[in-house]
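Residue numbers (my numbering): 209 to 393.
See below for the structure under consideration.
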């Protein structure tokens, strides 16, 4: 299987949308239980950033980030279809994932908000690899990515990124669990 190929679940014909025939009434797990299941698990907190039309930095807080493949180095981020930064992310060929350090809770709250200019007063630099905005403060790692695929899935979009460069700093992470930002012991 190569980048961009999809695999249908067992018993589902290839090409069938996964949400076809789905309704809240027919779901095995309601939204509250689903949130409780995944809210119980601590996750990394990241700010996904992009340059809109190559000039205006945009971003959003995300805790649905995961490694996909080592060869090639791929990651994915899941973005709510209502996110204001989603159109810029889908139009751009590059983005960055800025993993937050334990002192990054204010950054997380800022980028989770609805302000038009979330970058006001923040230090950032364009990635030398692809120009995507890298946050300078409050991060423990960042990955500059090239968008390889965008997949609509339920109420989110899955953005698959080829990691073109990355840095890791020796700092403890910020995590998210049960609706709160937390520091590790």
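No residue lacks a Cβ here, since even glycine has one placed at the ideal position from N, Cα and C.
Does the distance from the CB of residue i to the CB of residue j come in under 8 Å?
i           : j           : result
residue 248 : residue 386 : yes
residue 349 : residue 371 : no
residue 258 : residue 300 : yes
Apply the 10 Å Cβ neighbour rule to residue i and answer buried if 16 or more other Cβ atoms are within range, or exposed otherwise.
i           : result
residue 243 : exposed
residue 239 : exposed
residue 316 : buried
residue 237 : exposed
residue 246 : exposed
residue 341 : buried
residue 241 : exposed
residue 293 : buried
residue 279 : exposed
residue 329 : exposed
residue 318 : buried
residue 378 : exposed
residue 392 : exposed
residue 362 : exposed
residue 296 : buried
residue 220 : Caution is warranted here: a pLDDT of 45 is assigned to residue 220, below 50, making its placement in the model unreliable, and the coordinate value is therefore given only provisionally. Classification for residue 220: exposed.
residue 335 : buried
Quick one: measure Cβ to Cβ for residue i and residue j, integer angstroms, because I've assumed they're closer than 8 Å.
i           : j           : result
residue 327 : residue 265 : 5 Å
residue 382 : residue 313 : 6 Å
residue 339 : residue 354 : With a Cβ gap of about 11 Å, residue 339 and residue 354 do not count as contacting.
residue 273 : residue 308 : Between residue 308 and residue 273 the Cβ distance is about 11 Å, and since that is not below 8 Å, they are no contact.
Less than 6 Å between C-beta atoms, sequence neighbours within five positions excluded: which residues of the same chain meet that for residue i?
i           : result
residue 209 : Per-residue confidence for residue 209 stands at a pLDDT of 33, beneath the threshold of 50, marking its modelled position as unreliable; the derived number appears in the next sentence. There are no such residues.
residue 275 : 283
residue 384 : 251, 253, 271
residue 298 : 358
residue 224 : Summary for residue 224: the model assigns pLDDT 49, below 50, so the residue's position carries little reliability; its value from the coordinates is reported in the next sentence. None.
residue 320 : 269
residue 390 : 383
residue 366 : 284, 286, 359
residue 310 : 380, 382, 391
Closer than 7 Å to a non-hydrogen atom of the ligand FMN - does that hold for the CB of residue i?
i           : result
residue 323 : Looking at this structure, you won't find the ligand FMN or any other ligand, since it has none at all.
Under 8 Å Cβ to Cβ from residue i, same chain only, skipping five residues before and after it: list those, please.
i           : result
residue 213 : Unreliable placement is indicated for residue 213, whose pLDDT of 43 sits below 50; the coordinate value is still reported in the next sentence. Same-chain partners within the cutoff: there are none.
Output needed for residue i: all residues of its chain with C-beta closer than 7 Å, excluding positions within five of it in sequence on either side, in chain order.
i           : result
residue 344 : 331, 332, 333
residue 351 : 283, 304, 305, 371, 374
residue 260 : 266, 296
Determine, using beta-carbon pairs with one atom in the segment 269-283 and one in the segment 324-343, whether at least three such pairs fall under 8 Å.
no
Count Cβ pairs between the segment 266-278 and the segment 290-304 that sit closer than 8 Å; are there 3 or more?
yes
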